[in-house]
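Here the structure comes first, spelled out in structure tokens, and everything after it is commentary.
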Amino acid sequence: MSLLRLTAILVRVTSMSKPRKHGKGWAIRWYDETGSRRSKTFQSHSNAIKALRKYQIESEAIKAGIQPKVSKKYNFHQLAEHWIEFHASKKRSMKDDKSILNAHLLPFFGKMPLHQITTERINEFERVALRKVSPKTLHNHLTLLNTMLNVAMDLNWLYIKPKIKKPKLVQSPYKYLQTKSEIRLFLETAKGFKKGTFEFYSTAIFTGMRAGEIAGLRWNDIDLNKRLIRVQRSYDGPTKSGKERVIPILDSLLPVLKHWRLKNPLQVVFPNSVGNMRQPSDRIFQEVFQRCLKKAGLNRIKFHDLRHTFASHWMMNDGSLYRLKDILGHSTIKMTEHYAHLSPYYYQEDYGRLNYNVGIELSERVIKLKNKDISS
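For the sequence shown, the working numbering assigns the number 7 to the initial residue and increments by one for each residue that follows.
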């Protein structure tokens, strides 16, 4: 499309009709790409102007052959079915996607035509959702909706995607076993539970692996001689990032795994009571874990917080932030930087900043004043 043609379209659009007051709202009128008269009403004047410009530019662009005509026969329900079949089915979080769709997105948007899913409708969805879910959960719902609408754009089921403003989330501090004493106490307590419990929790604390990655671990993934663990799966599927990674076997864990290898001849490193791979609902992740914490007299945390325990103690013991990123399987260093402040040398280069010696001068002045008072 040439610059002249684009300029001509914009000139025609800006010279067209303006919103008119209609009851408590503002009505707009325009001609679509077929020449048919269309109208719509909005609550605010600014939204009416934005919508009018959008519809006018879209109609002119379609008539000029610059933009493909978007089919308006597709609705959100059809998009959801397409998403489940061709996209969610390839994700580890397919169950989560289905849950969000069935419990929240589909009840609200249902069979609403995709071109009618506007920013106003999405804002309305947010207001309704916040009565039932937390801002963090709503953030996840909007992330899925945004990704689905991107797919609709790729399919030409939607031409203009509405803006989605997600709620700002406050990053709460990670919970973890904060001292060496707490780690020792927790693991010593774990020895009093069913066999394999101590070894399971030790692996979690000293590798930072996710629950599913530990459950899916096989002995052929572990090289005790080279002291390496190859993380290849989570439960029956791929890892969270979809990539394999290699992590070191630390001194604290090596004898534990060697001893456990002699006790457990099965291929699965940490099998359940019938020799199969543990599932997300396994008691070792929840009930047994909480009982162990309580018996040890420690504060309640989640199993995933053992991953935070590893990362935090890695940094507190002057471990490399970039190696930690690779061990945890983070896609960006930004995700790992949440632990950086725990390094004992994190602020070392800052100690000399603002070095005005004010504190020393004040101290010397106070001492002189005191001595003066004593002598008088």
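Positions of the beta carbon are idealized from the N, C-alpha and C atoms, including for glycine.
Integer Cβ distance of residue i from residue j, believed to fall under 8 Å
{"i": "Val237", "j": "Ile253", "result": "6 Å"}
{"i": "Leu2", "j": "Ala302", "result": "Nothing can be reported for residue 2, as the shown portion of the chain is limited to 7 through 382."}
{"i": "Leu164", "j": "Leu120", "result": "5 Å"}
{"i": "Thr213", "j": "Phe316", "result": "7 Å"}
{"i": "Ile220", "j": "Asp227", "result": "Not quite, the Cβ-Cβ distance comes to about 11 Å (not below 8 Å), so this is no contact."}
{"i": "Arg98", "j": "Pro244", "result": "7 Å"}
{"i": "Leu49", "j": "Gly29", "result": "Note that residue 49 corresponds to Gln in the displayed sequence, not to Leu. With a Cβ gap of about 10 Å, Gln49 and Gly29 do not count as contacting."}
{"i": "Met321", "j": "Ser349", "result": "5 Å"}
{"i": "Leu191", "j": "Leu304", "result": "7 Å"}
{"i": "Ile333", "j": "Phe206", "result": "The Cβ separation is near 19 Å, so there is no contact."}
{"i": "Arg233", "j": "Gln273", "result": "Contact flag wrong, Cβ pair sits at about 20 Å."}
{"i": "Tyr241", "j": "Met283", "result": "7 Å"}
Three-state class that DSSP yields for residue i in the structure shown
{"i": "Gly31", "result": "strand"}
{"i": "Trp163", "result": "coil"}
{"i": "Tyr61", "result": "helix"}
{"i": "Leu120", "result": "helix"}
{"i": "Tyr362", "result": "coil"}
{"i": "Tyr357", "result": "coil"}
{"i": "Lys69", "result": "helix"}
{"i": "Lys301", "result": "helix"}
{"i": "Arg43", "result": "strand"}
{"i": "Phe309", "result": "coil"}
{"i": "Met7", "result": "Unreliable placement is indicated for Met7, whose pLDDT of 46 sits below 50; no coordinate value is reported for it."}
{"i": "Ser23", "result": "coil"}
{"i": "Tyr328", "result": "helix"}
{"i": "Phe276", "result": "coil"}
{"i": "Asn81", "result": "strand"}
{"i": "Tyr37", "result": "strand"}
Beta carbon of residue i nearer than 7 Å to that of residue j
{"i": "Gly325", "j": "Phe276", "result": "no"}
{"i": "Leu58", "j": "Ile34", "result": "yes"}
{"i": "Ile170", "j": "Ile128", "result": "yes"}
{"i": "Thr125", "j": "Pro168", "result": "yes"}
{"i": "Ala196", "j": "Phe204", "result": "yes"}
{"i": "Gly335", "j": "Ser247", "result": "yes"}
{"i": "Ile307", "j": "Lys138", "result": "no"}
{"i": "Leu85", "j": "Ala135", "result": "no"}
{"i": "His110", "j": "His147", "result": "yes"}
{"i": "Lys117", "j": "Asn81", "result": "yes"}
> What are the complete beta strand (DSSP E) segments, minimum 3 residues, inside the stretch 238-265?
Replying inline: 251-254
>> Below 8 Å, how does it come out for the stretch 142-159 and the stretch 179-188: are there three or more Cβ pairs, yes or no?
In response: no
> Which parts of the stretch 185-237 are runs of the alpha helix (DSSP H), unbroken and 4 residues or longer, counting only runs that do not cross its ends?
Replying inline: 186-196, 203-213 and 217-221
> Does the stretch 145-159 come close enough to the stretch 98-115 that 3 or more CB-CB pairs lie under 8 Å?
Replying inline: yes
>> Any contact between the stretch 50-70 and the stretch 26-42? By contact I mean 3 or more CB pairs, one from each, below 8 Å.
In response: yes
>> If contact is defined by three or more beta carbon pairs under 8 Å, each pair taking one atom from either stretch, is the stretch 260-270 in contact with the stretch 292-300?
In response: no
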